[in-house]
Amino acid sequence: EFEQTIYGLDRYKDGNPYYTYWMDYNAGDKYYYDTDDMEGRLRVRPFGPRGTVWKYDNTRRFSAFVQDSIVKGKLAVNVGLRLDYGYQYEPEQTRPDMIDLYNIGPEFLNPDLAATPTLLLHALNDQYHNDPEIEFNQTSAFDAVTTPYKKIVEFTTLSPRIGLVYDLFGDGKTALKASFSRYYEPIWSAKYNAANIISGGAMNWYWYDLNEDGFMDLPIPDGEHGSPADLSLTDIDGDQYRLTQYDVQDPDWQYYVDDLKAPYMHEFVLGVDHELAKDFRLGFQLIYKVNKNIV
47 EFEQTIYGLD RYKDGNPYYT YWMDYNAGDK YYYDTDDMEG RLRVRPFGPR GTVWKYDNTR
107 RFSAFVQDSI VKGKLAVNVG LRLDYGYQYE PEQTRPDMID LYNIGPEFLN PDLAATPTLL
167 LHALNDQYHN DPEIEFNQTS AFDAVTTPYK KIVEFTTLSP RIGLVYDLFG DGKTALKASF
227 SRYYEPIWSA KYNAANIISG GAMNWYWYDL NEDGFMDLPI PDGEHGSPAD LSLTDIDGDQ
287 YRLTQYDVQD PDWQYYVDDL KAPYMHEFVL GVDHELAKDF RLGFQLIYKV NKNIV
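Heads up: the sequence shown begins at 47 in the numbering used here, then just goes up one per residue.
Given below as structure tokens:
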């Protein structure tokens, strides 16, 4: 038995990549985190134009199954064993540079920067590339990137099943039943796609309005939370920005540990049923299930 699934998602957003947050929209309070200290929020999720950023995750599974039944007297034994080999992989994928795709800036951008609306993004991207605390600062969610083919998860599993049926009175009407089964969860692409970085992900900053002008200005040089290395992207009378959320953009990044085990479930069933009339049986079952290796 062979099975393959292809999970493809076109990641795009028309208009703008910004999310705007207010402490109190009706009152015009734009300092989402702290009104008194004038601390706002800037969140950006860049997307490529329609059809340019496809997020692919594919799964394949090869399976084989053997079973047999043994009947001796009043006892019937059914046994089975299933072998599965499955894996999820990402093909080589490419994302274009996305920082200049939009011709508008964030809602609170200083009007003096409106002539180059992505200038603030360039400044924050430069600050990102020069932040030593970022796990992999060579590539950000704004940058072009090519990720290689990689196998994300890979499982080889054996699933045993055994069932016992005992004809209690030998007349075929009353049966005692017991069974044990192990079921492995098949790989499904939407669960194991966290390693796919091609869509970039969101970036979130604290915005410290140091000059208290109510607008997002370029970062100051030598800021407490980092600054662009390119001084042309700074403003000595500007603001500060502290990155609080980002997705690692290392093309070779592996999200899952190498020894990840496949999730599975043990199922135990005890039961009895009795034929009360032709084509009518009444039964009782006790079922116990336990999940292991939950991912």
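Every residue gets a Cβ at the ideal spot worked out from N, C-alpha and C, and that includes glycine.
These numbers were taken from a predicted model, which means no experiment stands behind them.
Taking DSSP as the reference, what is the three-state secondary structure of A160?
coil
A169 (DSSP reduced to helix, strand or coil):
helix
From A161 to R288, what distance separates their C-alpha atoms?
25 Å
In three-state DSSP terms, what is S278?
helix
Can you look up H312 in the DSSP assignment and give me helix, strand or coil?
strand
On the DSSP bridge assignment, give the partners of E200 in chain order.
Y133
Check for me: the beta strand (DSSP E) holding L88 runs from which residue to which?
E85 to V90
What are the boundary residues of the beta strand (DSSP E) that includes W251?
M249 to Y254
Would you call the region 168-183 in contact with the region 226-236, where contact means no fewer than 3 C-beta pairs closer than 8 Å?
no
List the whole-angstrom C-beta distance separating P63 from R87, where the pair is believed to meet the contact cut-off of C-beta under 8 Å.
With a Cβ gap of about 15 Å, P63 and R87 do not count as contacting.
Measuring CB to CB, does Q134 end up less than 8 Å from I198?
yes
Where does Y174 fall in DSSP's three states?
helix
Taking 8 Å as the cut-off, does the region 312-319 touch the region 135-145 (at least 3 CB pairs, one atom from each stretch)?
no
Taking the alpha-carbon of I208 as reference, which of D158, Y254 and F314 has the nearest alpha-carbon?
F314
Smallest Cα separation from R106: which of G151, Y131, Y212 and Q184?
Y131
Residue of I145, F326, A221 and L127 minimising C-alpha distance to L121:
A221
State the Cα-Cα distance for the pair T66 and L166, rounded to the nearest angstrom.
15 Å
Quick one: using the 10 Å Cβ neighbour count with 16 as the cut-off for buried, is Y195 buried or exposed?
exposed
Does the separation of the CB atoms of N257 and D276 fall below 8 Å?
no
Same chain only: Cβ atoms within 7 Å of K324, ignoring 5 sequence neighbours per side
none
So is Y334 buried or exposed if we call it buried at 16+ other beta carbons inside 10 Å?
exposed
Start and end of the beta strand (DSSP E) containing S225?
T220 to Y230
If you follow the beta strand (DSSP E) that K338 is in, where does it begin and where does it stop?
F326 to K338
Should Y301 and A236 be called a contact, given that it needs their Cβ atoms to be closer than 8 Å?
no
Same chain only: Cβ atoms within 6 Å of K223, ignoring 5 sequence neighbours per side
V211 and G317
Skipping 5 residues on each side, what residues in its chain have a beta carbon closer than 7 Å to that of E179?
none
Please report how far the alpha carbon of N337 lies from the alpha carbon of Y310, in whole angstroms.
6 Å
Go ahead and label F226 buried or exposed: buried means 16 or more other beta carbons lie within 10 angstroms of its beta carbon, across all protein chains shown.
exposed
Less than 8 Å between the C-beta atoms of T185 and N250, yes or no?
no
Cutting at 8 Å between CB atoms, please list the residues of its own chain near K219, excluding the five before and the five after it.
H320 and E321
Distance between L129 and I116 (C-alpha atoms, nearest Å):
21 Å
Out of E200, Y254 and D217, point me to the one whose CA is closest to D304's CA.
E200
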